[in-house]
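In the numbering used here, the protein residues as written are 2 to 268.
Glycine included, each C-beta is placed from N, C-alpha and C at the ideal position.
Treat the numbers as computed from the prediction; the structure is a model and nothing was measured.
Shown next, in structure tokens, is the structure this report addresses.
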């Protein structure tokens with residue numbers, strides 16, 4: 002029972018309790034590709050800009066709480082990323098476990114996340130990890146966000162609705178509390194993903210794009226039942242990440258349209 006209550010309490014720190022939606026800013030890129038623009042040495046400054054915009058949570062490896070805990074500014078949820086690989090690896094699609102749920106509890110994290118690539122030769126090992134971590138999350142009352150990507154040797158198009166539906170459903174079947182996956186390109190197909198998944202589905206940002214385009218995709222996803230967004234580079238690599246997050250908040254939590262949100266925050 003205590004684990005159930007603990008999970009509910011933590012979920013309210015990373016999802017808006019009134020809208021049941023969320024805006025998460027992943028900052029886990031440093032392990033994969035190194036110190037890219039926006040997440041160089043001064044991580045605390047980046048976190049503060051995101052928090053000022055009203056994001057529900059940041060997501061990253063243990064370096065985030067160790068080196069970016071501010072001790073000032075607005076509160077923001079913390080999701081500890083437990084898996085990873087580097088771009089230098091001969092098999093970068095294989096994500097291995099690099100941290101534990103217990104460590105997340107000790108750090109005061111509000112959730113944990115795993116990256117799972119479905120369709121690669123190493124997906125059996127990653128699925129075993131997802132199942133094991135899901136059990137630990139239930140034991141410790143820790144929300145689990147599963148990043149589910151159809152990616153690898155058996156996948157021709159990782160944005161195809163048929164494979165995205167499978168990837169999202171796998172996460173829900175194994176007990177994920179939130180599922181992050183690809184935007185399938187249009188509202189009708191993404192609605193199929195949402196309708197086929199018991200857990201809340203949020204969309205990944207992918208490669209850096211223009212701000213208006215990202216906001217339009219966000220609005221479309223919310224209109225067909227999406228539960229929010231997890232945008233990294235499309236937030237922390239913008240000229241004013243605080244304004245971008247504020248615009249996202251207006252769309253996700255306040256039901257603004259894109260033009261209204263951009264005008265309100267002066268983007």
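DSSP bridge partner residues for residue i (one or two, in chain order)
i: residue 38; result: Bridge partners of residue 38: none, in fact.
i: residue 150; result: 118
i: residue 112; result: 80
i: residue 23; result: 229
i: residue 60; result: 27 and 80
i: residue 205; result: 231
i: residue 145; result: 113
i: residue 85; result: 97
Close Cβ partners of residue i (< 8 Å) along its chain, the five nearest in sequence each way excluded
i: residue 216; result: 248, 249, 252, 259, 262 and 263
i: residue 178; result: 8, 12, 112, 138, 144, 145, 146, 200 and 201
i: residue 45; result: 68, 69, 70 and 71
Residue environment, residue i, which counts as buried when at least 16 other CB atoms sit within 10 Å
i: residue 60; result: buried
i: residue 150; result: buried
i: residue 199; result: exposed
i: residue 23; result: buried
i: residue 242; result: buried
i: residue 189; result: exposed
i: residue 75; result: exposed
i: residue 91; result: exposed
i: residue 232; result: buried
i: residue 11; result: buried
i: residue 43; result: exposed
i: residue 94; result: buried
i: residue 229; result: buried
i: residue 152; result: buried
Beta-carbon contacts of residue i that lie in its chain and below 7 Å, excluding the five residues immediately before and after
i: residue 185; result: 160, 162, 165, 191 and 194
i: residue 55; result: 246, 247 and 250
i: residue 32; result: 62, 85 and 87
i: residue 108; result: 66 and 81
i: residue 17; result: 23, 57 and 254
Rounded straight-line distance, which links the Cα of residue j to that of residue i
i: residue 5; j: residue 239; result: 38 Å
i: residue 25; j: residue 132; result: 23 Å
i: residue 121; j: residue 154; result: 5 Å
i: residue 63; j: residue 206; result: 22 Å
i: residue 235; j: residue 196; result: 26 Å
i: residue 212; j: residue 202; result: 21 Å
i: residue 123; j: residue 136; result: 21 Å
i: residue 37; j: residue 100; result: 22 Å
i: residue 275; j: residue 21; result: In the structure as shown, the chain begins at 2 and stops at 268. Residue 275 is therefore absent and cannot be evaluated.
i: residue 34; j: residue 40; result: 11 Å
i: residue 218; j: residue 140; result: 36 Å
i: residue 209; j: residue 134; result: 30 Å
i: residue 80; j: residue 89; result: 25 Å
i: residue 118; j: residue 53; result: 33 Å
i: residue 168; j: residue 98; result: 19 Å
i: residue 103; j: residue 267; result: 42 Å
Simplified DSSP assignment, three categories, for residue i
i: residue 302; result: Nothing can be reported for residue 302: it is not among the residues displayed for the chain, which extend from 2 to 268.
i: residue 52; result: helix
i: residue 195; result: helix
i: residue 268; result: coil
i: residue 99; result: coil
i: residue 45; result: helix
i: residue 158; result: coil
Spatial neighbours of residue i in its chain, beta-carbon cut-off 6 Å, leaving aside the 5 residues before and after
i: residue 221; result: 188
i: residue 297; result: As shown, the chain starts at 2 and ends at 268. That puts residue 297 outside it, with no answer to give.
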